[in-house]
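Peer 1: The structure follows.
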Amino acid sequence: MLVFSLSVAWGCPEPRHVAPCVCEEGSRGPEVQCSGVRVGQLREVLDALGAHMRRIWSLRVSGTDMSGGWITGALGDLDVAKVVLVDANISDIQLAEDAAMHSLDLSSNSLSRIPRTFPVGLRSLSLARNDLERLEAHSFSSLRSLLRLSLDGNRIRLVDSRAFLGTELSLTRLDLGDNGIGEIPRYALQGLRCLQGLRLHGNGLKDAPADRLPPSLRELDLSDNALDGRNLHFASLSLLNALDLSRNSIEDLEPGAFRGTQVEWLKLGNNRLTFVPRAALKNLTRLRALDLRSNRIAVLREGDFDGFSNALRYVFLQNNSISVVEPGSLSALVSAQWLYLHSNDLREMLSEAFEPLLSTLRVLDIHDNPWRCDCKVLWLRDWSVSEEGRAVLSLPKETRCDNPSRHPLAHLNASTCGAQSRHLSMGLTVMLNRHLRSSPIVNVVLSVVLHRAVCTELNLSYEE
Numbered sequence: 001m002l003v004f005s006l007s008v009a010w011g012c013p014e015p016r017h018v019a020p021c022v023c024e025e026g027s028r029g030p031e032v033q034c035s036g037v038r039v040g041q042l043r044e045v046l047d048a049l050g051a052h053m054r055r056i057w058s059l060r061v062s063g064t065d066m067s068g069g070w071i072t073g074a075l076g077d078l079d080v081a082k083v084v085l086v087d088a089n090i091s092d093i094q095l096a097e098d099a100a101m102h103s104l105d106l107s108s109n110s111l112s113r114i115p116r117t118f119p120v121g122l123r124s125l126s127l128a129r130n131d132l133e134r135l136e137a138h139s140f141s142s143l144r145s146l147l148r149l150s151l152d153g154n155r156i157r158l159v160d161s162r163a164f165l166g167t168e169l170s171l172t173r174l175d176l177g178d179n180g181i182g183e184i185p186r187y188a189l190q191g192l193r194c195l196q197g198l199r200l201h202g203n204g205l206k207d208a209p210a211d212r213l214p215p216s217l218r219e220l221d222l223s224d225n226a227l228d229g230r231n232l233h234f235a236s237l238s239l240l241n242a243l244d245l246s247r248n249s250i251e252d253l254e255p256g257a258f259r260g261t262q263v264e265w266l267k268l269g270n271n272r273l274t275f276v277p278r279a280a281l282k283n284l285t286r287l288r289a290l291d292l293r294s295n296r297i298a299v300l301r302e303g304d305f306d307g308f309s310n311a312l313r314y315v316f317l318q319n320n321s322i323s324v325v326e327p328g329s330l331s332a333l334v335s336a337q338w339l340y341l342h343s344n345d346l347r348e349m350l351s352e353a354f355e356p357l358l359s360t361l362r363v364l365d366i367h368d369n370p371w372r373c374d375c376k377v378l379w380l381r382d383w384s385v386s387e388e389g390r391a392v393l394s395l396p397k398e399t400r401c402d403n404p405s406r407h408p409l410a411h412l413n414a415s416t417c418g419a420q421s422r423h424l425s426m427g428l429t430v431m432l433n434r435h436l437r438s439s440p441i442v443n444v445v446l447s448v449v450l451h452r453a454v455c456t457e458l459n460l461s462y463e464e
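Sequential numbering from 1 applies to the sequence shown in the UniProt record's numbering.
Right, here's the structure in full:
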């Protein structure tokens, strides 16, 4: 009898009682989903649920026109921990302050102002992708347990300095991305003492003064703005661990821009950098991942990665214009495990530049480069077909020679290189001897130089 009573009290009703919605047993309790139902049908389903049970874990309603509003009492005596009302054309909503709800998602609706009342026990609130234009003072003052707040994808331009009062000691995640804020509010964010993650992407920011941000931040997203790299300093954010500056207009970064931080994950992709900004990066002794993809970098210089600790594991340099990798430029990457150099302008790979890394690499991606397959890449060919190389080289079949043909690098037949080089070198030396017989020293020097030149330009044959 006990098992039966629990089943009736907490299990899903028969499907016919909740149709056209669906109720499924989740790990935390019944989960109800309603898609495209009419408001009248939804009310009948909620009444049926309330008659059968006191509590469900989640209610998800999508595609139902609720333009008439969601009024207090719609849930009756039914306790719902997680409510999702999305794509429902909601322009106003009233929810009981004492509702037993800890998560509310009202994204993709038509809200033009912050609702006046919320369940005071909310821990997660999403108002993303609505029509909000401003955050007034005390917009969330009743939500003293709120941990996560999403306001991205609205049209917010004004943030009152008192907008987040009441959440100072609880809020840990705040998303203000894809709005039109334009300038980081001077005082609105400073008092959020527990804030660890802040997203400000896609706001047209031209400056990002760190002193307007709470020092508790560990993750900061400033991507897709209009930052040019000047006056970017993050020393006041001593706990900062992850920083996204991708998709801006950064041409350079000032020395010491990240001094005093604990950044381990740094994204600088899709900017206008022409060199690795080593003066700014040298203080990042805890860096684990560096993303420099899709910039305008043409040369990797000796010393570009000096000063890094043994923590750096991931290096993303793809989609640049890199044509030169100077010897010693990568030697400091002694702990790198993932190195992405694909989609650049690399024609040759000197063994002295890369061999120090091969013992630690787990992934090396060099495809989509115009490789010139001459004697200088023989070492790479040998490594790529070795057991170690096959395990590390990414997309080996796409790593092809641009000159003399489009064969995969692994099909290069190295056996002809030495013989043809000696033959051509001797021939050229004999030819020059006919004109320079009076200078045997010159003959010897030219012979050596020409041997190297011929080896560089030699077109090798391939194994099919």
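Just so it is clear, CB atoms sit at the ideal spot from N, CA and C, and this is done for glycine as well. These numbers come from a predicted model, not from an experiment.
(1) Mapping DSSP to helix, strand and coil, what is Gly50?
(2) Under three-state DSSP, which class holds Pro13?
(3) Cβ atoms of Leu78 and Leu49: under 7 Å apart, would you say?
(4) Excluding five sequence neighbours on each side, which residues of the same chain lie with their C-beta closer than 6 Å to the C-beta of Ser150?
(5) Quick check: what's the CA-CA separation for Leu200 versus Leu266?
(6) With C-beta atoms as the reference, is Leu330 less than 7 Å away from Leu292?
(7) Could you tell me whether the Cβ atoms of Tyr340 and Asp374 are closer together than 7 Å?
(8) Contact criterion: CB-CB distance below 7 Å. Does Asp178 meet it with respect to chain B?
(9) What residue range does the beta strand (DSSP E) around Gly197 cover?
(10) Return the first residue and the last residue of the alpha helix (DSSP H) that Val86 is part of.
(11) On the premise that Leu135 lies in contact with Asp160, defined as a C-beta separation below 8 Å, what is that separation, rounded to the nearest angstrom?
(12) By a C-beta neighbour count over all protein chains shown, 10 Å radius and 16 as the cutoff for buried, is Gly73 buried or exposed?
(13) Counting along the chain, where does the alpha helix (DSSP H) carrying Trp70 start and finish?
(14) Taking Cβ positions, are Phe140 and Thr117 nearer each other than 7 Å?
(15) When the Cα atoms are used, what is the spatial distance from Arg144 to Ser170?
(16) Per DSSP, Gly26 is paired with what?
(17) How far does the alpha helix (DSSP H) with Phe354 in it extend, from its first residue to its last?
(18) If you draw a straight line from the alpha carbon of Leu380 to that of Met349, how long is it in whole angstroms?
(19) Where Arg16 and Thr64 are concerned, what is the direct C-alpha to C-alpha distance, given to the nearest angstrom?
(20) For the beta strand (DSSP E) containing Leu104, name the first residue and the last one.
(21) Report the rounded CA-to-CA distance for Pro215 versus Pro356, giving the unit in angstroms.
(22) Considering only C-alpha positions, which residue in the set Glu251, Phe258, Glu398, Arg288 is nearest to Asn270?
Peer 2: Here's the rundown:
(1) helix
(2) coil
(3) yes
(4) Ser126, Ala128, Asp175
(5) 16 Å
(6) no
(7) no
(8) No chain B is present in this structure, which holds just one protein chain.
(9) 197-199
(10) Note, Val86: premise wrong, no alpha helix (DSSP H); beta strand (DSSP E) at 79-86.
(11) 6 Å
(12) exposed
(13) Looking at the DSSP string, Trp70 is not in any alpha helix (DSSP H), and its letter there is neither H nor E.
(14) no
(15) 6 Å
(16) Gly29
(17) 351-354
(18) 8 Å
(19) 20 Å
(20) 103-105
(21) 39 Å
(22) Glu251
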